[in-house]
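Colleague: Sequential numbering of the first sequence, starting at 0, is according to numbering that gives the first Met the number 0.
Quick one: the structure is below, and I'll ask about it shortly.
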Amino acid sequence: MAYKKKEAPITGITISKEEDFSGWFTELITKADLADVRYNIKGFVVYREWATITIKKMYAKYEKCLEDKGHMPLTMPSLIPESNFFLEAEHVKGFTPEVFWVTEAGSSGKLAERLALRPTSETALYKMYSLWIRSYKDLPFKRYLSCQVWRYEGKSTRPFFRAREFHWIESHNVFATLEEAMNQVKEDMETTYQMLRDESCLPIIFFQRPEWDKFPGAVHTYAADALMGSGKVIQLPSTHLLGQNFAKPFDVKFIDTDGTEKYGYQTCYGPAQSRNYGAMIAYLGDDKGLVLPFDFAPIQVIIIPIIFKGKEKIVLDKADKLYNLFKGKYSVKVDDSDESAGNKFYYWELRGVPIRIEIGPKDITKNQVVVIKRHDGQKFFVKENEIEKFIDNIATNYTKELREKSMIDFESQVEVVYEKDSAIEAINNGKIVCCGFCSIDFDGEPCAEVVEKEVGGFVRGKRVDEEKHEFKTCLICNKPATCTVYIARSY
RNA sequence: GGGAGGGUGGUCUAGCUUGGUAUGAUUCCUGGUUUGGGACCAGGUGGUCGGGGGUUCGAAUCCCCCCUCUCCCA
């Protein structure tokens, strides 16, 4: 360059992810225009365009997956009358402390019955289910809705991860038998693997949550924990076997083939898209900014013409030609703004655009373009007549490469321990602890509290896919172990 | 839930101790010169100092209440 660049303001990420994760994340969402926290209600966050586009793409893929598996979409009101809400005792107990209530309306003042802003939709839907479901022919009854829910969470809110309003899908299903319901739970777990591991490149593992940590009103809860590296986990979607716990109070019944009236068996499943997005950008991002799976990138190919005075037209024409070549296939953009080339590189890297094509006068004389992959920074000089095939190839493999890079070997994160002291050491060393435990029923809760206080992790539950270790005694109380559990620190 | 630190043009920031209507940079806009990894020159726009109350002739500044953000520890 002709001019020596003076110190320019750094508009990109300045905080290292490894050294200061919190600072890095805050800077990422601010500088990449993902969220704006200046909206002045605590825990209520504006999702900016770039995040919204990706979240919509995540929704679309998830919804299609659910529909392919026989779920039909519906839309529910966001207010729930208190009388519905109070029908199932455990559910009320679990959610009441977190409910936002609407108590007044318009100029007429107080409402006769206060209305809950839904924290989840069981109590809204199941009233309707009891009207809609009449016979075994209506079953299985599989539905989902995409919506916002509101929960008055504790004080530490964080954009995408934990807010008082969040965006999710909830699927609610009714079956004739417990076995079918359990199969739905398994299907939900498979769906989670397809969406989060395969599509979002997040390493996850499913645990059956202990009794004291399950969804209020559920028989059992199965939750995906994402392995965020260094032994920390974050809870992602959970699926719940409800049994007949809601069917009875909400009168969800059907006439069976034998002519008798029976209660249905229910399940529900709640993938929170805002949190899935948060986990994905936090896990995949690097010190240059966002890294996104190919299908979730708002712009997939950015073309940057390198413009020199007197040679603008030839370069812009070539950029335009490339644009037209790809526009039907990918989300593609030519950045022909007045910014310097370097600024453009930083800008689009910060926003996680998977493929960058640079085209300048030098390339034109050589009949080539320069191609850079975002996730690993690899740079290629590609002959013009091979460019379409070359980009198609990157597009096809990009998410796969990202996934392979991102998968953590669960076993390598785990340390098998037999006594409390070694558990403490393992947790401090950033490991997930695998140990014997007296019980994940309520009688094991006191031991779990000890784990929380003294070991410094949470009992995540029993592994769903396999239980390989045999332990004689509980890590804490030394009573005979009934199960193997995993303990981890969590976000 | 406990603790700490913040909030001043879009962004970052000086001023606050010791009260007198706000400093600088950057962004943005106009014009010009530029563009292969964070260019430059000139001019211009932009602020109810988070909100409310109090003290005072006078409050960004002192006092009280509230809202909100960030970080750390359960």
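A virtual CB, placed ideally from N, CA and C, is assigned to each residue, including glycine.
Note that the structure is a prediction, hence the values are computed from the model and not measured.
VAL290 to ARG355, Cα distance in whole Å?
Modeller: So the alpha carbons of these two residues sit roughly 13 angstroms apart.
Colleague: Let me know if GLN492 comes out buried or exposed under the rule of 16 or more other beta-carbons within 10 Å of its beta-carbon.
Modeller: Here the chain comprises residues numbered 0 to 490, so residue 492 is not present and cannot be evaluated.
Colleague: Give me the Cβ distance between LYS126 and ASN172, rounded to the nearest whole Å; I'm assuming they're in contact under 8 angstroms.
Modeller: The Cβ separation is near 16 angstroms, so there is no contact.
Colleague: Tell me, which residues are paired with SER134 by DSSP?
Modeller: Note: SER134 sits in a beta bridge opposite ILE254.
Colleague: Enumerated in chain order, which unbroken segments of the alpha helix (DSSP H) with a length of 4 residues or greater are wholly contained in the segment 389-429?
Modeller: 409-412, 419-427, all fully within the segment 389-429.
Colleague: Beta-carbon within less than 6 angstroms of ILE28's beta-carbon, same chain only, minus the 5 sequence neighbours each way: which residues are those?
Modeller: Correct list, in chain order: ALA34, PRO158.
Colleague: For HIS70, report the span of its beta strand (DSSP E) as first-last.
Modeller: Unbroken run through HIS70: none, as it is neither H nor E.
Colleague: As an exercise, report each continuous beta strand (DSSP E) stretch of at least 3 residues that is fully enclosed by the segment 164-200, in chain order.
Modeller: The segment 164-200 contains these whole beta strand (DSSP E) runs: 164-174.
Colleague: Does the beta-carbon of GLY42 have 16 or more other beta-carbons within 10 angstroms, so that it is buried, or is it exposed?
Modeller: Its Cβ being crowded by 16 or more others within 10 Å, GLY42 is buried.
Colleague: Using a 10 Å radius around the Cβ and a threshold of 16 neighbouring Cβ atoms, would you call HIS468 buried or exposed?
Modeller: The residue in question, HIS468, is exposed, as its Cβ has fewer than 16 Cβ neighbours within 10 Å.
Colleague: Compare the C-alpha of ASP285 against each of HIS374, GLY69, GLY341 and name the closest.
Modeller: Closest option to ASP285, Cα to Cα, is HIS374.
Colleague: Opposite LYS378 in the DSSP bridges: which residues?
Modeller: According to DSSP, LYS378 bridges with ILE371.
Colleague: Could you give the DSSP three-state label for GLN147: helix, strand or coil?
Modeller: If DSSP states are grouped into helix, strand and coil, GLN147 belongs with the strands.
Colleague: Excluding the 5 residues flanking GLU186 on each side, which residues of the same chain have their C-beta closer than 7 angstroms to its C-beta?
Modeller: Same-chain partners within the cutoff: LYS68.
Colleague: Just the Cα atoms here: how many angstroms apart are ILE423 and ASN342?
Modeller: One C-alpha to the other measures close to 47 angstroms.
Colleague: Please list the segments of the alpha helix (DSSP H) lying wholly inside the segment 304-384, counting only runs of 4 or more residues, in order along the chain.
Modeller: 311-325, 340-349, 360-365, all fully within the segment 304-384.
Colleague: Is it true that the CB of VAL463 sits closer than 7 angstroms to the CB of VAL450?
Modeller: No, they are not a contact pair.
Colleague: With a threshold of 16 other CB atoms inside 10 Å of the CB of ALA7, please say whether the residue is buried or exposed.
Modeller: Reliability fails at ALA7, whose pLDDT of 49 lies under 50, so the model's placement of it is uncertain and the value that follows must be treated cautiously. That one is exposed.
Colleague: Could you tell me the distance, in whole angstroms, from the CA atom of ASN392 to the CA atom of ILE386?
Modeller: Each residue's alpha carbon lies about 10 angstroms from the other.
Colleague: Can you say whether TYR417 is buried or exposed, counting buried as having 16 or more other CB atoms within 10 angstroms of its CB?
Modeller: Burial call: exposed.
Colleague: Could you check the C-alpha separation between LYS471 and GLY435 for me, to the nearest Å?
Modeller: Going by the C-alpha atoms only, they are around 7 angstroms apart.
Colleague: Out of ASN366, GLU400, LYS382, state which residue places its alpha-carbon closest to the alpha-carbon of LYS372.
Modeller: Closest by alpha carbon: GLU400.
Colleague: Does DSSP classify VAL101 as helix, strand or coil?
Modeller: DSSP places VAL101 in strand when its eight states are reduced to three.
Colleague: To the nearest angstrom, report how far apart GLU89 and ARG488 are at their CA atoms.
Modeller: Rounded to the nearest angstrom, the two C-alpha atoms are 27 angstroms apart.
Colleague: To the nearest angstrom, report how far apart TYR262 and GLU18 are at their CA atoms.
Modeller: The alpha-carbon atoms of TYR262 and GLU18 are separated by roughly 54 angstroms.
Colleague: State buried or exposed for PHE245, treating a residue as buried only when at least 16 other CB atoms are found within 10 Å of its CB.
Modeller: Counting Cβ neighbours within 10 Å, PHE245 comes out buried, since at least 16 surround it.
Colleague: At what residues does the alpha helix (DSSP H) containing HIS219 begin and finish?
Modeller: No alpha helix (DSSP H) contains HIS219, which is instead part of the beta strand (DSSP E) from 219-226.
Colleague: Taking buried to mean at least 16 other C-beta atoms within 10 Å of its own C-beta, is MET279 buried or exposed?
Modeller: Under this definition MET279 is a buried residue.
Colleague: Quick one: what's got a C-beta closer than 7 angstroms to ALA425's C-beta in the same chain, skipping five residues either side?
Modeller: Around ALA425: GLU414, VAL416, VAL432.
Colleague: What do you get for ASP197, buried or exposed, if any count of 16 or more other CB atoms within 10 angstroms of its CB means buried?
Modeller: Label assigned to ASP197: exposed.
Colleague: How many Å lie between CYS200 and PRO292 at the Cα?
Modeller: The straight-line gap from Cα to Cα measures roughly 7 angstroms.
Colleague: If contact is defined by three or more beta carbon pairs under 8 angstroms, each pair taking one atom from either stretch, is the segment 247-261 in contact with the segment 91-108?
Modeller: No contact exists between the segment 91-108 and the segment 247-261.
Colleague: Assuming GLN272 is part of the alpha helix (DSSP H), what are its boundary residues?
Modeller: Segment 272-283, the alpha helix (DSSP H) holding GLN272.
Colleague: May I have the straight-line CA-CA distance separating ARG274 from GLY258, to the nearest angstrom?
Modeller: About 45 angstroms.
Colleague: Name the two residues that bound the continuous beta strand (DSSP E) containing PHE436.
Modeller: Note, PHE436: beta strand (DSSP E), 431-436.
Colleague: Expressed to the nearest angstrom, what Euclidean distance is found between the alpha-carbon atoms of LYS328 and PHE389?
Modeller: So the two alpha carbons sit approximately 14 angstroms from each other.
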